[in-house]
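Chains as they are written, first to last, in this note's numbering: chain A, 14 to 599; chain B, 2 to 583. Every residue gets a Cβ at the ideal spot worked out from N, C-alpha and C, and that includes glycine.
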């Protein structure tokens, strides 16, 4: 969907408020005409009819009322315009964010999260001026000049003609220049997003940079990026300002021509032209009235020029947002199948293939099953496809061939949320979210009380270190757990899984980066967790796999061996070779 | 107000640009007001002359009108150009300024910040500072000079009209900005904080999406984002209400000035104290003069946002680095042996110290392993060795020179680290490798990658070393990323090597291969390795067992097998052990 269509599509939300904005803007315009009319009368009376203050009071007092009404109309149109934009922004941010969620982790892997954050924050903010300023200005640019022309033409048709002919030149030139700007502007916005992504990358890797004494070199890179940004921005602005200048020029020219024509007719200069072509007579009142209106006639056009920048910014932002929204999420099943109220949860992979890139299969025909209550361990060298198996099971990706079924129903036909309600997952590098430790443990069960949270932490062997923290469960943590060690974060993630009380637990190298003493403790916790649940463990430790009901040995995207530890160890296969590497002493 | 002063100082290098921006803006405002006032005068004067049938010089006013029309158009164009050029230059400078202050704080002092929050600071907050220049500094200067000019000019004709104009200009350009600043302060401060929170939620919500989805929390997170947007819009709406109110109020002031000029001027004209064209001129001048003060209420309304942004930047900039570089040049160490004596360290706010009196030596070229339970202080020890944190007590010396006498960069030049977390930057694999040795040739890179056993993998990728790594790049497994880290360390070619659980989380085959790569890396270097892998430990010259910040046992793998803690930490139970030994 082109960016423009996205912007248009949002219109219905804004229309109600925008109509009010335009109505108030038009009311303001009419009031300006009235004001000019009164003012011209006053000056005319004072200058040519020797009027005293008392004589012009009948015009002065209404003037005061008009001032107040104009102020009210200005305030009102500002408010309604803001509402229009605010409504759209809020709806669109929610929609884009939820769409990103639907696209899921598989899509996200190819995106720069810094750039996405930029789109969600500044990109959406960038739409404000389009709805609040540009759109109302668009309509008023037609309405107010027409209203003024309707008044001016009967009073002085010559001035009216001047206005009528100069006005269309303005949008014409603006469009001509604007087209060039739009293209440059697109590039500009992309560069802005890149800059955001780069900064996030630098900040997240600043310790690495420092280790290599490269962080100062990075200062030069930041300087260069900012400089490049300046260059390209100025390139856009020079053009954009040029279009404004052209617009200003024509507006000023228009006013000047009107003023000169009026001035010379008032001076009653004898021009050597035939009577037929003689300009119409004009009274001072009419002349001054028209002169006061001339700047107001061009004002909407000028402000449209100013807000045109808002339109370009919005289109550039909408371009990025549309690109996100255009990416179709995996289609949800038309009529999602439901699992039984108490499903058995037998999971089967039936000849599953999967490729992240075409031509490079990560899984090349995997068949496996996880029976209810079974503990299945996946082992194999890195890159064998273990994580891919977990991603398929969690519904992040779909098989390119073959299918994954739960109790005989294909995962593709299931409502993923409903399916995931039965799952808990402890990934390789668990992420903590901004909030307290208790909130983080509650992630999958927000209504759990503190006692339940504590019990879960207890079972994950996390309670001990949490209670030692000064703020205990209320300790605020950040993305990488700020101050918590890898092992501690892992145990918080395990506590999540405990609290979730899921039927199927996926552990992805869950015991990595724990020292053996803690690992043994966690192992006991995992054993407890496994009771009465199915479990898929991606593991490298003998201790983790020894008790598994079945071990699947993956290599090159295929299962090359499977069975129980006791059986596999007696065979001269890949498993035994792996174990001998694991336990050199054995 | 001290922030204002600091901001002023920050902008000092750009004084030339500011002056130019000010001059052009002033000319533009003057031209515009002149255009309005002279036009009014011209028309009336022409009409009066025409009616009376007297001649008048219309060339001069016509020329002034033309001149000011051109000056206005050109002025607007150049004013925008100059102010934006100046702003962008300032922002580029400020970003580097902020980064230079940020960098020494990593990693010790940055722990408390979310990366998205720092991103907000270097992006949005730095951008917000430009408000200070374009919306506050220059407009205030222009308003004051132009305002004084208008009042003085009016005073040439009538003092009472001038006094009225002055009063209304002060009301619109002085009192109203003061009011908007007060009214907008709370919402302005909140806006900055909420925008930063929004960005944090956006980063959390994307980078942590997998977990949110599996735990069914994605919807709640979206609702949180939406609620924050609502709050943000509520604050913006408040700002917009204030903005609209004062915009209308300034307009009203302008109209009242017009009204006042007529009220005071009409009797003057009637008494022949003021020619009619002059009344028309003064009336239109009064109306147009408010263009000079019109931007001020809005600028001051948002001043608090700017100041909040400035405070957020200053907060980071003012943070003292955890470790100060000494004023003297770094010493030249005699050799690369490490000596640690009485080392104590506690993290701020922690209940107990992470290191509690640690003594040990690593002779040059020796390999020493550290084992210990989670939280026993192993990683802390590395942080102190890298001088990311200063010790609370005790001393570390390198080749006889105290670590505290080294500049951070000189010290880290001698140290390479391979840790569990390898940050791969969002650029090519080659660039990621060059980080360690910017001048390395392709041959050197390949040699390092061969030794780290990752060359074949990289060469097998369609784009080879130019393959994109990092967030959007090729999917690298944990082992592959670790091997790139080893290649980096090889390229670094530092005499001291710190290895933080280099094989954790890897499968057996990978680990074995990685250990071979590590052997190459360790050759001839002073090595400290955190590990629990028996395979690695057996090869070490000495092993230190850390527990609760103290060294409780030390010796070789064989010697320690009978000790109290060591076998338990390795997960070796005694029966398995005797079987293995037998």
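Quiz prompt | Three-pair Cβ contact test at 8 Å for the stretch 435–447 of chain B versus the stretch 476–485 of chain B | solution = These segments do not touch.
Practice problem: Mind checking the stretch 119–130 of chain B against chain A and listing, in chain order, the residues whose C-beta falls within less than 8 Å of any C-beta there? | Solution: Residues passing the 8 Å Cβ filter: 119, 120, 123, 124, 125.
Quiz prompt | Contacting residues, own chain, Cβ-Cβ under 8 Å from residue 29/B (five flanking each side not counted) | solution = Excluding residues within five positions, the ones whose Cβ falls inside 8 Å are 72, 73, 76, 77, 80.
Quiz item: In whole angstroms, what is the alpha-carbon distance linking residue 415/A and residue 359/A?
Solution: Going by the C-alpha atoms only, they are around 17 Å apart.
Self-check item: residue 129/B versus residue 389/B - alpha carbon distance
Solution: Using only the alpha carbons, I get a separation of about 31 Å.
Quiz item: How about residue 115/B: is its C-beta nearer than 8 Å to some C-beta of chain A?
Solution: In terms of beta-carbon proximity, residue 115/B lines the interface with chain A, with at least one pair separated by less than 8 Å.
Quiz prompt | Contact list for the stretch 222–242 of chain A against chain B, Cβ threshold 9 Å | solution = 222, 223, 224, 225, 226, 227, 228, 229, 230, 231, 232, 233, 235, 236, 238, 239, 240, 242: these are the residues of the stretch 222–242 of chain A whose beta carbon lies less than 9 Å from some beta carbon of chain B, given in chain order.
Quiz item: Is the CB of residue 474/A under 8 Å away from at least one CB in chain B?
Solution: Look at residue 474/A: its C-beta is not under 8 Å from any C-beta on chain B.
Exercise. Check the Cβ of residue 104/B against every Cβ in chain A and list those closer than 9 Å, keeping chain order.
Key: Proximity of chain A to residue 104/B at the Cβ level (cut-off 9 Å) is accounted for by 219, 222, 223, 228, 229, 231, 232, in chain order.
Quiz item: Is there a Cβ from chain B that is less than 8 Å from the Cβ of residue 126/A?
Solution: With its beta carbon less than 8 Å from one in chain B, residue 126/A belongs to the interface.
Quiz prompt | Residue span of the beta strand (DSSP E) that contains residue 419/A, given as start and end | solution = That run of the beta strand (DSSP E) goes 414–419.
Exercise. Check the DSSP bridge columns for residue 576/A and list the partner residues they point to.
Key: Paired residues: 564/A.
Quiz item: Buried or exposed: which applies to residue 188/A, given that a residue is buried once 16 or more other Cβ atoms fall within 10 Å of its Cβ?
Solution: Looking at its Cβ environment, which holds fewer than 16 other Cβ atoms inside 10 Å, residue 188/A is exposed.
Quiz item: Hey, would you say residue 563/A sits closer than 8 Å to residue 387/A, going by beta carbons?
Solution: In this structure, residue 387/A lies closer than 8 Å to residue 563/A by Cβ.
Practice problem: Closer than 6 Å by C-beta to residue 244/B: which residues in its own chain qualify, once you throw out the five before and the five after it? Chain order, please. | Solution: Around residue 244/B: 299.
Quiz item: Taking the DSSP output, what are the residues bridged to residue 531/B?
Solution: Residue 531/B pairs with 371/B, 501/B.
Quiz prompt | Simplified DSSP state of residue 143/A, which is helix, strand or coil | solution = Residue state, collapsed to three classes: helix.
Quiz item: So what's residue 566/B in DSSP terms, helix, strand or just coil?
Solution: Look at residue 566/B here: in three-state DSSP terms it is coil, with no helix or strand label.
Exercise. Report the residue from 187/B, 322/B, 435/B whose alpha carbon sits nearest the alpha carbon of residue 109/B.
Key: Residue nearest to residue 109/B within the set 187/B, 322/B, 435/B is 322/B (criterion: CA-CA distance).
Self-check item: residue 209/A classed as buried or exposed, judged by whether at least 16 other C-beta atoms fall within 10 angstroms
Solution: Buried.
Quiz item: Among all the DSSP beta bridges, which residues are the ones paired with residue 554/B?
Solution: When DSSP reads this structure, residue 554/B sits in a beta bridge with 546/B.
Exercise. Check the DSSP bridge columns for residue 449/A and list the partner residues they point to.
Key: The partner list for residue 449/A (beta bridge, DSSP) reads 489/A.
Quiz item: Quick one: what's residue 389/A bridged to in DSSP?
Solution: Per DSSP, 549/A, 563/A.
Exercise. Name, please, each residue of chain A whose Cβ falls closer than 7 Å to the Cβ of residue 40/B.
Key: Counting only Cβ-Cβ distances below 7 Å, residue 40/B has contacts in chain A at 272, 304, in chain order.
Quiz item: By the 10 Å Cβ neighbour count, where 16 or more other Cβ atoms means buried, how is residue 379/B classified, buried or exposed?
Solution: Residue 379/B is buried by the Cβ-count criterion.
Self-check item: Three-state secondary structure assigned by DSSP to residue 571/B
Solution: In this structure, DSSP gives residue 571/B a state outside helix and strand, which the three-state scheme calls coil.
Exercise. Would you list, in sequence order, the uninterrupted beta strand (DSSP E) runs of no fewer than 3 residues that lie entirely inside the stretch 289–359 of chain B?
Key: Here the runs fully enclosed are 339–346.
Quiz prompt | CB contact check: residue 241/B to chain A, cutoff 8 Å | solution = Residue 241/B counts as touching chain A.
Quiz prompt | Neighbour list for residue 396/A in chain B, Cβ cutoff strictly below 8 Å | solution = Those are 478, 480, 481, listed as they occur along chain B.
Quiz item: Within the 8 Å Cβ cut-off, does residue 59/A reach chain B?
Solution: The C-beta of residue 59/A comes closer than 8 Å to at least one C-beta of chain B.
Practice problem: Could you tell me the distance, in whole angstroms, from the CA atom of residue 153/A to the CA atom of residue 147/A? | Solution: One C-alpha to the other measures close to 10 Å.
Quiz item: Got a sec: is the Cβ-Cβ distance from residue 202/A to anything in chain B below 8 Å?
Solution: Answer no: the Cβ-Cβ gap between residue 202/A and chain B never drops below 8 Å.
Self-check item: Contact belief for residue 253/B with residue 165/B at Cβ below 8 Å, rounded distance in angstroms
Solution: With a Cβ gap of about 14 Å, residue 253/B and residue 165/B do not count as contacting.
Quiz prompt | Close Cβ partners of residue 20/A (< 8 Å) along its chain, the five nearest in sequence each way excluded | solution = Answer for residue 20/A: 140, 143, 327, 328, 331, listed in chain order.
Exercise. Note down, in chain order, each residue of its chain lying with its Cβ closer than 6 Å to the Cβ of residue 525/A, except the 5 sequence neighbours on either side.
Key: In this prediction, residue 525/A has a pLDDT of 48, which is less than 50 and means its spatial position is unreliable; what the coordinates show is noted afterwards. Same-chain partners within the cutoff: there are none.
Exercise. Specify whether the stretch 225–234 of chain A and the stretch 214–230 of chain B touch according to this definition: at least 3 beta carbon pairs, one from each stretch, less than 8 Å apart.
Key: By the Cβ test, the stretch 225–234 of chain A is not in contact with the stretch 214–230 of chain B, since fewer than three Cβ pairs between them sit closer than 8 Å.
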